[in-house]
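**Student:**
In UniProt numbering, the protein residues as written are 1 to 91.
#1: Would you report the Cα separation of residue 71 and residue 60, rounded to the nearest angstrom?
#2: Note down the Cα distance separating residue 24 from residue 63, rounded to an integer number of angstroms.
#3: Measure the alpha-carbon distance for residue 30 versus residue 7 and round it to whole angstroms.
#4: Quick one: Cα of residue 55 to Cα of residue 28, how far?
#5: Can you tell me whether DSSP reads residue 36 as helix, strand or coil?
#6: Look at the alpha carbon of residue 37 and the alpha carbon of residue 12, and state the distance between them as a whole number of angstroms.
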């Protein structure tokens with residue numbers, strides 16, 4: 001920059017300033033446009049929130065059953081201590 005004339009440096013700075021300002025305005029405009037867009041789905045017909053806890057519970061129950069079946073398949077079935085103690089206490 002030391003070897004460039006003052007007018008060239010000033011015009012380059014002015015151009016960079018206007019490019020930066022234009023970029024900021026376009027970015028702000030796009031962000032505002034996206035911010036104020038409505039939802040893609042009709043809000044009145046969207047009823048999933050009321051059924052969500054039941055769906056999550058069913059999925060979790062299926063996952064637990066699957067994990068239990070995999071665990072039982074990997075280990076031989078042995079009687080637990082409660083059934084052994086109740087068998088010993090019978091007259």
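Virtual Cβ for every residue (Gly too), placed ideally from N, Cα, C.
**Tutor:** From the atom records:
#1: Your numbering for residue 71 matches position 71 in the chain shown. Your numbering for residue 60 matches position 60 in the chain shown. Answer to the nearest angstrom: the Cα atoms are 16 Å apart.
#2: Residue mapping note: residue 24 aligns to position 24 of the chain shown, counting from 1. Residue mapping note: residue 63 aligns to position 63 of the chain shown, counting from 1. As the crow flies, the alpha-carbon of residue 24 is around 49 Å from that of residue 63.
#3: As a working mapping, residue 30 is identified with position 30 in the chain shown. As a working mapping, residue 7 is identified with position 7 in the chain shown. Roughly 34 Å between the two C-alpha positions.
#4: If you number the chain shown from 1, residue 55 lands on position 55. If you number the chain shown from 1, residue 28 lands on position 28. Between residue 55 and residue 28, the alpha-carbon positions lie close to 40 Å from each other.
#5: Position 36 of the chain shown, counted from the first residue, corresponds to residue 36. Coil.
#6: Within the chain shown, the letter at position 37 stands for residue 37. Within the chain shown, the letter at position 12 stands for residue 12. Their Cα atoms are separated by approximately 38 Å.
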